[in-house]
Amino acid sequence: MKLTFLIPFLLLPLVASHAASPNTFHITTYGAKGDGQTINTAAIQKAIDACHAIGGGTVLVPKGVFVSGSLQLRSRVTLQIAQDALLRGSPNIADYAIETAELHWSAYWKFAASQWKQCLIYAEDAEEIGIEGPGTIDGQGGRERKVFPNANDPRRPMLIRFVSCRKVTVRHVNLIDPASFTTFFVRSEDVHIERVTIRSRHSPNGDGLDFDGCRRVRIKDCDLATGDDAIGPKTFHPDWPNEDFEISGCRITSRWHAIRIGCESIAPTRRLTLRDCTFTQCQGGIKIEANEGALLEDLSFSGIEMNKVCQPFMVLASRFAFSAHGKSTRPPVGRIRKVRFAEIRVNAGVGDDVGLQTGKEGNGDPFERLCAAVVTRPGNRIEDVSFTNIEFTHPGGGTAEQASRLDVGELLESSNYLKWATPFDGELPASALYLRHVKGVRLENVRITLEKPDARAFIAGDDIEGLTLQGVLARSPAPVPGLAKLADARDVVEIDCRVDCGANVPVLVPPTEGELLRLTELRTRSAALDQEIQQKADQADAAERKPKPNLLIIYADDLGYGDLQCYNPGRGKIPTPHLDKLAAQGMRFTDGHSSSGVCSPSRYTLLTGRYHWRTRLQNGIVGVFGAPLIAPDRVTIATVAKGAGYRTACIGKWHLGWNWPIPADQRPLFDVGKTSPVTTDAHRAAWRKAFSQPIGDGPTAHGFDEYFGVDIPNWPPFCFIENSRLLGVPSEFLPAPLLEQNQASIGGPALQGWKLEPILPALGDRATHFIAEQARAGQPFLLYLPLTSPHTPLAVNQAWRGRSGLNEYADLVMETDALVGRVLQSLDDRGVAENTLVVFTSDNGCAPYIGLSDLETMGHHPSGPLRGAKADAWEGGHRVPFIIRWPGTVKPGSVCGQLVQQSDLLATFAEMLGAKLPDNAGEDSVSLLPLLQGRDQPVRDHGVGTSIGGTPALRSGSWKYIPAPGSGGWGKGGDQSQPVQLYNLDEDLGETRNLAAARPEKVAEMKALLDQLIANGRSNPGTTQKNDVEVVRYPRITTPKNRGNRADDSK
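In this text, residue positions in the sequence shown follow the numbering used here: the first is 698, and each later residue adds one.
Structural data, given as structure tokens:
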């Protein structure tokens, strides 16, 4: 096609290629294997780092299938994918790095979740970098979705993301099946993309080429088939515009838009040209959209062929009802000016493969009736738009009802405008072009042809200032009202225009009296609606000025119900002044429960709002160097808070498994049981190899921005972990004296000179530092602080030894209380205490092997009035201290006797933050917000916990049902002749009178309820879900081994 219109353009410098560099590094030299199975992340990264270290060159991926996690490209390095080479993204989320720099727009865009930090190939602050083919990079996130089958998973990795980079080349490479965006270039300059093939048509959010705050970008001769916008310049930060883009020679097919400019943009996009391209089977062709206040200007499109494109042109300046950048204030209406369309041939309509996002497959009705549109809101103008040498063939088919709807703009101006496909859903009063609130629009040498009869005028509009129609020829197989139906149009010039429809019709058609009346009513409604929306926005602003509450969860380890003075004033002898003060300032729950009598299960349930016994963990705990328990796509309290704009941290004991990089045949070199053997060179070599690598699927894979702590204080590895790396490499086995003196129950690899006493103070240091940093930044935070105490090892620091006058356990309880006081004081010192919700609770009851009998002899009863202790299905195993302080909401000194569980924190936080949980999340969580607000009514009808052996304990009202004899754990006693236990806790809190024989009907009722809760996959309202495994309803219980010095559990 001959081009007659081009604007001057600043030519971009070509970026030098490293393809011919003599410095070529073969990834196989560094141990990479192209077998399609081996995870080659470390080997490929070593090659990249080595190449960078000598000043740059090429890293070659040869023929084969090389699976990898996140790779960081470094300055002056080109990653070359050879012919018949396939670089494939790992299907395991743990293989994708998330500790990269905070992206600049995370504070502006409410959709900034962990996925934006995860990608297969990334670079930050690098220069002269490149990716070249002719091979293929496969994200495995397309039709089969091997990476993240859940299309809504917030952690789906991008294929490529470059941030703050300069002189970037991506050339002659195939990019297929990303799990999210294919490429995202952020605040980068001199970007050259040429002969790139993208196939993401079946990938959720499968954008092709996205840009944010970039300058001097050239895209040439690319072949793009995408499931979302093929090319998408955006601006998420007010200080960083997009400028100087040249796009040419591209072939595009998309289930959304071929190019979409300005979506969710704050800063300008200017000086962009697109020429000599073809668009085929797209939901939209060219969409220019200023809906967050951005200025879009100097945009030129020419030499384009469009075939089967639903809406070829959309120029829209509006605003969302509320900002997509997380602000309640409505953003200003964006501005658009100086837009040129020239030398374009359009065959409009719906192809066979569009509708992924509209939900309308096949014929696309009513979307095939969409026309081009240039539209904004009252009080705003889109200025200087021209259509020159355009051939436009449209399916037609519009109705008389649509033709009369000059007031259709009301849809755009409604408070519900947040529709991605189009604000009109096909209901436009024109077959070719709809105009509203425009100035200086020109159509010259435009040919319009309708394929079917259409009752609408070719052009329609309202509030037009300056319209030139010159040489417009419009054809229809049946009579139409005329060429243009315009209301409130000024300075309209018509030259040599003609309508060929088999009837003599006017060029310019005045609206009817009814249409004018509706327009008048529309303007009145719009003004009232604008005022109503502004009032709502003002109210939301007032609410937003009150900052979101910070969330602090302090999780003690093995702390008994009666270990706090406020819970056990008569039989508690350990001073706990800080926790007693916390209870006096908040609400103390007297019927609060963990989901288990032991550690890992309770932690899983607290974080996910789902009972642990729905997973593989039917009994026991996650073992030494155990596999992850939380599934990659499982919603947690951290993902909920992070999605609401919170900074999230886990500091302390994790004990929910990791992807430890320990080969099975080397396991004996790591796990040595309760021994401390001589350390050999073989041990050190194995440890160095394993522990120098990242360990995946820990806290930062489940919504936490950062992690610091120890996996388990009395199990290996004996060292601190930060994010996904050990801080140091262990070089010796934990010395035998530490195993014995401090009851570190399992030996294993330890840092040289490792001491157990500093662990707890270090967690306090890190927690107070995190609070200080977040207070300084002004960002709301979630801090999950799972302490390592008073669990064994009883590593009491010198300042607390002997302070209780009881034993080491009691001393450690006092030290724990003091640390809690220190963390709470940091909230006061940083001025955030009044806006922080604090939860304090414990994972289970007091352990029986810490001198329990001696403590009871001295008058301290760690379980208070309850029967049993840690590991038991009796109340002492899982009824725990549960305190919540929330100034301004929770009444100080209040006491709540309603049944609550730690699983309820997820639903509580979600309701507080306005987050809607998906149906497959928080299946056993109910919101405690009514209780916190003072409404003393039941929030849950029942609850289920288990013993360490898996014995369930079902609560329903005051009734408790245990379908087995004994404690199910380490507790002694109980009538072994009774197959089940039934207690009325209102009358018998100590569980001394088994009523099962006397109340068989209640036993049957409780059994049926337990069976139902298991079968439904959930215990709260919602659709039935699946348990991960077949749940063992009634475990076979054997007499447990006595775990130490303790009294009869019936006390």
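All C-beta atoms, glycine included, are put in the ideal place defined by N, C-alpha and C.
By Cβ distance below 7 Å, which residues in the same chain neighbour residue i in space, the five residues on each side in sequence not counted?
i            : result
residue 1471 : 1344 and 1478
residue 730  : 737
With a threshold of 6 Å on Cβ separation, who are the neighbours of residue i within its own chain once the five nearest residues in sequence on each side are excluded?
i            : result
residue 1144 : 1088 and 1170
residue 1524 : 1530 and 1533
residue 907  : 878, 881 and 929
residue 1749 : This structure cannot settle anything about residue 1749, because the visible part of the chain is limited to 698 through 1748.
residue 971  : 944 and 998
residue 940  : 912, 967 and 968
residue 948  : 920 and 975
residue 1590 : 1281
residue 1593 : 1284, 1286 and 1628
residue 1749 : Residue 1749 is absent from the model: the chain starts at 698 and stops at 1748.
State buried or exposed for residue i, treating a residue as buried only when at least 16 other CB atoms are found within 10 Å of its CB.
i            : result
residue 1339 : buried
residue 1657 : buried
residue 1489 : buried
residue 926  : buried
residue 1337 : buried
residue 1726 : exposed
residue 805  : Residue placement at residue 805 is poorly supported in this model, since its pLDDT is 38, which falls under 50; the coordinates still yield a value, given next. Buried, because 16 or more other Cβ atoms sit within 10 Å of the Cβ of residue 805.
residue 1493 : buried
residue 1483 : buried
residue 1077 : buried
residue 950  : buried
residue 1644 : buried
residue 1466 : exposed
residue 1099 : buried
residue 1389 : exposed
Round the Cβ separation of residue i and residue j to the nearest angstrom and send it over; I've been treating them as touching at under 8 Å.
i            : j            : result
residue 832  : residue 871  : 7 Å
residue 1031 : residue 1093 : Going by Cβ atoms, the distance from residue 1031 to residue 1093 rounds to 32 Å, so no, they are not a contact pair.
residue 1567 : residue 1294 : 6 Å
residue 961  : residue 933  : 7 Å
residue 983  : residue 964  : Between residue 964 and residue 983 the Cβ distance is about 20 Å, and since that is not below 8 Å, they are no contact.
residue 1326 : residue 1297 : 6 Å
residue 1154 : residue 1184 : 12 Å between Cβ atoms; not a contact.
Please list the terminal residues of the continuous alpha helix (DSSP H) segment that includes residue i.
i            : result
residue 1505 : 1505-1526
residue 878  : Segment: none, residue 878 is in no alpha helix (DSSP H) and carries neither H nor E.
residue 1554 : 1549-1554
residue 817  : That residue, residue 817, is in no alpha helix (DSSP H); its beta strand (DSSP E) goes 816-821.
residue 748  : 738-750
residue 1704 : 1697-1713
residue 1380 : 1378-1388
residue 1279 : 1274-1282
residue 1335 : 1334-1340
residue 1629 : 1626-1629
residue 980  : Careful: residue 980 lies outside any alpha helix (DSSP H), inside the beta strand (DSSP E) at 966-987.
Start and end of the beta strand (DSSP E) containing residue i?
i            : result
residue 1347 : 1344-1350
residue 995  : 992-1014
residue 1579 : 1579-1582
residue 1301 : Here residue 1301 belongs to no beta strand (DSSP E); instead the alpha helix (DSSP H) covers 1296-1305.
residue 1406 : 1403-1407
By Cβ distance below 8 Å, which residues in the same chain neighbour residue i in space, the five residues on each side in sequence not counted?
i            : result
residue 757  : 721, 722, 723, 724, 777 and 779
residue 1497 : 1508, 1509, 1511, 1512 and 1515
With DSSP as the reference, please indicate the residues paired to residue i in a beta bridge.
i            : result
residue 1079 : 1135
residue 1466 : None, per the DSSP bridge assignment.
residue 1726 : Its beta-bridge partners do not exist; DSSP assigns none.
residue 1602 : Answer is none; residue 1602 lacks a bridge partner.
residue 1182 : 1157 and 1206
residue 1481 : 1250 and 1347
residue 920  : 894 and 948
residue 1039 : 999 and 1085
residue 726  : Beta-bridge pairing links residue 726 to no other residue.
residue 906  : 880 and 928
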